[in-house]
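Visitor: Pasting a structure here, questions to come.
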Amino acid sequence: MSERLRLKKNADRRLKAGHLWLYSNEIDIDETPLKGIEPGAQAVVEAANGKAMGIAYVNPHSLICARVVSRDANVRLDRSLLVHRFNQALALRKRLFEKPFYRLVHGEGDLLPGLIVDRFDDVLVVQLNTLGMEHLGEEVVAALDKVFSPRAIVFKNDTSGRRLEKLEHQVEVVQGTLPEQVLMEENGVRFSVPVMSGQKTGWFFDHRANRRWLNDLVAGKRVLDVFSYVGGWGVQAAAHGASEVLCVDSSADALVQVAENAVLNGLAGQVAVAEANAFEALSALKAEGEQFDVIILDPPAFIKKRKDIPNGERAYSQLNREAIRLLGRDGLLLSASCSMHLAQERLIECVRGAVRHQDRHGQVIYRGSQGPDHPVHPAIPETAYLKALGVRVFRD
Ligand code: SAH
């Protein structure tokens, strides 16, 4: 391989500690000018003393200018290494799950920086989030085809991360034909998933274990699922005996799918929907004198960048306050955040403030995170992003 990236003195420490990213200010550009490297090319990463440390793909125009794909400087990320990585990823999921519905590839957590693949049995939904991965798009498809022979492969390339890498949106079936309905199962409940038109890859696999925890506590309860999307929490709660579920979302399409998913499980009578802004819906429900035993708050990320932290924390606090007003005397709040920049302690702090604001007591009885099909890379805190708190909220 001809391309090289020489690190400045001491800039190799993070890499040695396991990290996979290189920042542009860590490169010795006198020795190896970044600008001379073709965007998307792979290069040998060298320590300051010239020793080869591995292979990375390069985007000279991005702050993270390179991501390591192998510690073996003699290979490159090509179809054959992709096949190997997919098999490694598959082996883990097979140990974890009986059925073929899961996140198959979680980017850096599966040593494939910039790549997400979600599996709905024989439908694979792919997100290429970096220029380096974008360049490997065809190889990714060929390697997935080799390992899975899927019925369809979809590119759902519409993430915000792509904008940072100056990549266009591309949402398309790139191989095979998509069945009319993409069906999956989670915690024994069936769902139809809108992979083309829905959020992200179509489904949020990351909350599987948190939903399972809640499922055991909802029998006979009146449940409010806020930011419900297609009913991941709400329809599961109904399937586990909730007497009544109300799903609130601002997307009419998502709510149509909630209704379909309720029907799919024979629960049409138990699940109602309301199309509304969540904050407005919570005040309206309060004004109407409604009360719930269990409330789920699983919003989109309110904090996307570090500078959003103060406003984002205010939004989480307000949301939790509004929700707690709707809980009965002895209620259960499931409060989640997928904002990587919000630490679990900060979410607990938002809930604490909200509980006190309503002069109630709180007991944190569950602290969940993303499921094991979203492995955390131990050197990359950004790969751990999900929080789910189960909080009993009661009055004296
Ligand atoms: N809880 C869902 C995932 C939520 S995704 C699950 O478990 O699958 C975020 C959802 O919030 C989307 O469906 C989006 O339509 C909805 N949304 C975003 N902003 C909203 C708002 N202000 N009010 C209500 N819904 C909103």
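Under my numbering, residues 325 to 720 are what the sequence shown spells out, in order. Cβ atoms here follow ideal geometry from the backbone N, Cα and C, with glycine treated the same way. Keep in mind that this is a model prediction, so the values were computed, not measured.
Got a sec? Which residues, its chain only, sit under 7 Å from leucine 420 by beta carbon, not counting five neighbours each side?
Guide: Around leucine 420: Pro696, Asp697.
Visitor: Counting Cβ pairs closer than 8 Å, one from the segment 656-669 and one from the segment 507-526, do we hit at least three?
Guide: Taking 8 Å as the limit for Cβ pairs, the verdict is that the segment 507-526 does not touch the segment 656-669.
Visitor: With a CB to CB cut of under 7 Å and the five nearest residues on each side skipped, what residues in its chain are close to asparagine 585?
Guide: Once the five neighbours on either side are set aside, the close Cβ partners of asparagine 585 are Phe515, Ser516, Val554, Gly555, Val559.
Visitor: Taking the continuous beta strand (DSSP E) assigned at asparagine 585, which residues delimit it?
Guide: Unbroken run through asparagine 585 is the alpha helix (DSSP H), 576-588; no beta strand (DSSP E).
Visitor: Confirm, please, whether the CB-CB distance from alanine 708 to valine 717 is below 9 Å.
Guide: The answer is no: Cβ separation not under 9 Å.
Visitor: Based on DSSP bridge pairs, tell me the residues matched to arginine 680.
Guide: Its beta-bridge partners do not exist; DSSP assigns none.
Visitor: Out of curiosity, what's the CA-to-CA distance linking isoleucine 379 and valine 478?
Guide: About 28 Å.
Visitor: Does DSSP classify isoleucine 379 as helix, strand or coil?
Guide: In this structure, isoleucine 379 counts as strand in the three-state DSSP scheme.
Visitor: Answer yes or no: do valine 688 and leucine 606 have a C-beta to C-beta separation smaller than 9 Å?
Guide: No; because the gap between Cβ atoms is not below 9 Å, this pair is not in contact.
Visitor: Return the CA-CA distance between arginine 403 and isoleucine 388, expressed in angstroms with no decimal places.
Guide: Between arginine 403 and isoleucine 388, the C-alpha separation is close to 24 Å.
Visitor: Could you have a look at glutamine 560 and say whether DSSP puts it in helix, strand or coil?
Guide: Here glutamine 560 sits in helix by DSSP.
Visitor: Which of the three DSSP states is assigned to alanine 413 in this structure?
Guide: Three-state DSSP puts alanine 413 in a helix.
Visitor: Check aspartate 697 in the structure and name its three-state DSSP category.
Guide: Three-state DSSP puts aspartate 697 in coil, outside helix and strand.
Visitor: Does the contact criterion of 3 or more C-beta pairs under 8 Å hold for the segment 357-369 versus the segment 441-459?
Guide: Touching, yes.
Visitor: For phenylalanine 603 and isoleucine 619, what's the separation of their Cα atoms in angstroms?
Guide: One C-alpha to the other measures close to 14 Å.
Visitor: Compute every distance between the C-beta of glutamine 523 and the non-hydrogen atoms of the ligand SAH, then say whether any falls below 8 Å.
Guide: Glutamine 523 Cβ: within cutoff of the ligand SAH.
Visitor: Which residues mark the beginning and the end of the beta strand (DSSP E) in which aspartate 654 is found?
Guide: Per DSSP, aspartate 654 belongs to the beta strand (DSSP E) from 651-661.
Visitor: What are the boundary residues of the alpha helix (DSSP H) that includes lysine 470?
Guide: Residues 461-472.
Visitor: How would you label histidine 685, buried or exposed, when you count the other beta carbons within 10 angstroms and need 16 or more for buried?
Guide: Its Cβ having fewer than 16 others within 10 Å, histidine 685 is exposed.
Visitor: In whole angstroms, what separates the C-alpha of tyrosine 381 from that of glycine 526?
Guide: For tyrosine 381 and glycine 526, the distance between alpha carbons rounds to 28 Å.
Visitor: Where does the unbroken alpha helix (DSSP H) through arginine 638 begin, and where does it stop?
Guide: Segment 633-648, the alpha helix (DSSP H) holding arginine 638.
Visitor: What first and last residue would you give for the beta strand (DSSP E) that runs through leucine 401?
Guide: Per DSSP, leucine 401 belongs to no beta strand (DSSP E) and is neither H nor E.
Visitor: On the CB-based measure, 16 or more other CB atoms within 10 Å of its CB, does glycine 544 come out buried or exposed?
Guide: By the 10 Å Cβ count, glycine 544 comes out exposed.
Visitor: Going by alpha carbons, who is nearest to glutamate 568 out of Gln412, Arg536, Glu614, Leu588?
Guide: Among Gln412, Arg536, Glu614, Leu588, the Cα nearest to that of glutamate 568 belongs to Glu614.
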